[in-house]
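A.B. asks: Going by my numbering, the sequence shown opens with residue 34, and the numbers climb by one from there.
Just so you know, even glycine gets a beta-carbon here, dropped at the ideal spot from N, CA and C.
Can you keep this structure in mind? I'll have questions shortly.
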Amino acid sequence: MRLGFLGCGTIASAVVRGLAGKGHQITVSERSTSRSAALAKAFGDVTVACNQSLVDASEVIFLGLMAETAEAVLNGLVFRDGQQVVSFMAGADLDQVADWVVPARAAAVMMPFPGIAQGGSPIMALGDTELLGQIFEPDNRVFALWDGAELKAYLAAQAVLSPAARLVGDAADWLGQRVSDPAQGEAFLRMLISASLQASGCGELIEALNTPGGFNQRLRLHMEAAGMRESLTEGLSKLEG
Ligand SMILES: NC(=O)c1ccc[n+]([C@@H]2O[C@H](COP(=O)([O-])OP(=O)(O)OC[C@H]3O[C@@H](n4cnc5c(N)ncnc54)[C@H](OP(=O)(O)O)[C@@H]3O)[C@@H](O)[C@H]2O)c1
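Below is the structure:
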């Protein structure tokens, strides 16, 4: 497909890295000059163009802009019928985007994570998830959401990633003070946790690790008694409000 990226910041450049070399023709905007130039240098199928040339050259246009600046940027551009627009912008809903890109079709809002550059990443999406599946699967997985309220809830819940990384990082530091190769210790814990959660559901895994008096059960009960679960629910509810 002919894909264009308006805004070539943190998330757009991660998405481009994930799609490069997969048979698409990719155009990125000139802004974030060092990022766009690095992408064009690294990948033969990525070229840099001004915003209007990018729109003219693309069948699907991704919006990697900040929502606050999007309206002004998009109002200065001419879109055409038959083009599809996919927004990464957390702060703008699909109806707003549709008004800004007439007569193109505002196809979807998708929230990628930086890990999309390597593939194997979850993508939260609203709208035409079939189109997104064609572009991003099977390297990644598109999670179709029902409406804006669901997207808001997913956006809050995904924030569990940072405390989860904190927990594993702290356990790795604790381990690192007791072993000869701290980096290997952290790699072990990261692999243990990601592979275990990839292989089974959370409830199922907790059950499998629930041997009475076993280390896993003892540590979990200790942390639950310290309020871990209440603290998480309270924090998520604050994000939601
Ligand atoms: N970061 C994430 O993990 C993530 C995940 C999901 C969704 N998002 C959403 O993605 C959007 C971008 O986030 P980000 O973190 O990638 O921000 P960012 O790094 O600041 O990217 C914004 C990009 O917009 C460009 N830009 C500004 N004015 C422009 C113009 N007139 N023409 C073309 N490009 C212009 C900026 O260029 P300059 O650098 O030259 O100003 C920059 O490349 C946000 O709406 C955010 O909500 C981000």
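Taking the straight line between their C-alpha atoms, what separation do you get for Gln210 and Gln58?
C.D. replies: 49 Å
A.B. asks: Are the stretch 96-114 and the stretch 152-160 in contact at 8 Å, needing three or more beta carbon pairs?
C.D. replies: no
A.B. asks: If you measure from the CB of Arg174, is any heavy atom of ligand 1 nearer than 6 Å?
C.D. replies: no
A.B. asks: Please confirm whether any heavy atom of ligand 1 lies closer than 6 Å to the CB of Met122.
C.D. replies: yes
A.B. asks: Which residue from Ala190, Ala259, Lys74, Ser120 puts its Cα closest to that of Glu104?
C.D. replies: Ser120
A.B. asks: May I ask which residues mark the beginning and end of the alpha helix (DSSP H) holding Arg253?
C.D. replies: 248-258
A.B. asks: In three-state DSSP terms, what is Pro171?
C.D. replies: coil
A.B. asks: Using DSSP bridges, identify the partner residues of Pro155.
C.D. replies: Arg174
A.B. asks: CA-CA distance, Ser67 and Leu98?
C.D. replies: 16 Å
A.B. asks: In angstroms, rounded to a whole number, what distance separates the CA positions of Phe176 and Gly51?
C.D. replies: The alpha-carbon atoms of Phe176 and Gly51 are separated by roughly 17 Å.
A.B. asks: Assign Val118 to one of two classes, buried (16 or more other C-beta atoms within 10 Å of its C-beta) or exposed (fewer than that).
C.D. replies: buried
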